[in-house]
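Peer 1: The sequence shown runs 0 to 154 under numbering that gives the first Met the number 0. For every residue, glycine included, the Cβ atom is placed at its ideal position computed from N, Cα and C.
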Amino acid sequence: MTRQHKMLAAVALLFLCASVFGVIVRRAVTHRIFVSAAAPVTTDFVFTIETTTASETFDLPLPAGNYNFQIEWGDGDIDQITSNADSDDPHTYATAGTYTIRISGLCEEWQFNNGGDAAKVRTVENMGVVGWTALREAWYGCSGMTSFTAGNTDT
Numbered sequence: 000m001t002r003q004h005k006m007l008a009a010v011a012l013l014f015l016c017a018s019v020f021g022v023i024v025r026r027a028v029t030h031r032i033f034v035s036a037a038a039p040v041t042t043d044f045v046f047t048i049e050t051t052t053a054s055e056t057f058d059l060p061l062p063a064g065n066y067n068f069q070i071e072w073g074d075g076d077i078d079q080i081t082s083n084a085d086s087d088d089p090h091t092y093a094t095a096g097t098y099t100i101r102i103s104g105l106c107e108e109w110q111f112n113n114g115g116d117a118a119k120v121r122t123v124e125n126m127g128v129v130g131w132t133a134l135r136e137a138w139y140g141c142s143g144m145t146s147f148t149a150g151n152t153d154t
């Protein structure tokens, strides 16, 4: 068997294994194949932020609207938000770092509109099924965003 035939056989076996184990082949480059596991399906709205100092806050960009959601702030704290003026928002982070925030429940609107804490957002990993009704200028001003994945969403 030639080297090329061995390479083709290895690639075929890799694709077979990928389909059996439910992974997605992200890209293939000559003689290299990168494989990653499929992301789990979630209905949560998931995004990351980065704080740069201790005792820094993150304020949710909630315009007037209907809200009733649980938020996991990424530092172990969990709160229930029921209005855009809820006392649990903004949240204070004890230490600087990158935090994954998860929202589940009803969150109809989101609007940074080039203000607030927009520059702290780094990624959106899943828009979620949270009852979206308006996303006008939702991510406007998120100059530090490096990745956006709509994912599983009701928008």
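Cα-Cα, which of Gly96, Met144 and Ala133 is closest to Gly73?
Peer 2: Ranking the options by Cα distance to Gly73, first place goes to Gly96.
Peer 1: Quick one: what's got a C-beta closer than 6 Å to Ala149's C-beta in the same chain, skipping five residues either side?
Peer 2: Met126
Peer 1: Within 10 angstroms of its Cβ, does Gln69 collect 16 or more other Cβ (buried), or is it exposed?
Peer 2: exposed
Peer 1: Between Arg135 and Ala63, what straight-line distance do the alpha-carbon atoms span, to the nearest angstrom?
Peer 2: Spanning the two alpha carbons is a distance of roughly 13 Å.
Peer 1: Taking C-alpha atoms, which residue in Thr51, Asp88 and Glu108 lies nearest to Gly130?
Peer 2: In terms of Cα proximity to Gly130, the closest of Thr51, Asp88 and Glu108 is Glu108.
Peer 1: On the DSSP bridge assignment, give the partners of Gln79 in chain order.
Peer 2: Gln69
Peer 1: Less than 8 Å between the beta carbons of Phe111 and Tyr139, yes or no?
Peer 2: yes
Peer 1: Whole angstroms are fine: how far does the CA of Asn65 sit from the CA of Gly75?
Peer 2: 25 Å
Peer 1: If I measure Cβ to Cβ from Arg121 and keep anything under 7 Å in the same chain, skipping five residues before and after, which residues do I get?
Peer 2: Thr47, Ile48, Glu49, Thr97, Gly143, Met144 and Thr145
Peer 1: So the beta strand (DSSP E) Tyr92 belongs to, where does it begin and stop?
Peer 2: His90 to Tyr92
Peer 1: Helix, strand or coil for Ala117 per DSSP?
Peer 2: Residue state, collapsed to three classes: helix.
Peer 1: What span of residues does the beta strand (DSSP E) with Gly103 cover, start to end?
Peer 2: Gly is not the amino acid found at residue 103; the sequence shown has Ser there. Counting along the chain, the beta strand (DSSP E) containing Ser103 begins and ends at Gly96 to Cys106.
Peer 1: Which value, in whole angstroms, describes the spacing of the CA atoms of Thr152 and Thr42?
Peer 2: 7 Å
Peer 1: Is it right to say His90 is buried, meaning 16 or more other beta carbons lie within 10 angstroms of its own, or is it exposed?
Peer 2: buried
Peer 1: For Ala149, which of helix, strand or coil comes out of DSSP?
Peer 2: coil
Peer 1: Using the rule of at least 16 other Cβ atoms within 10 Å of the residue's Cβ for burial, across every protein chain shown, is Arg26 buried or exposed?
Peer 2: With a pLDDT of 40 at Arg26, under the threshold of 50, the predicted position of this residue should be treated as unreliable, and no value is reported.
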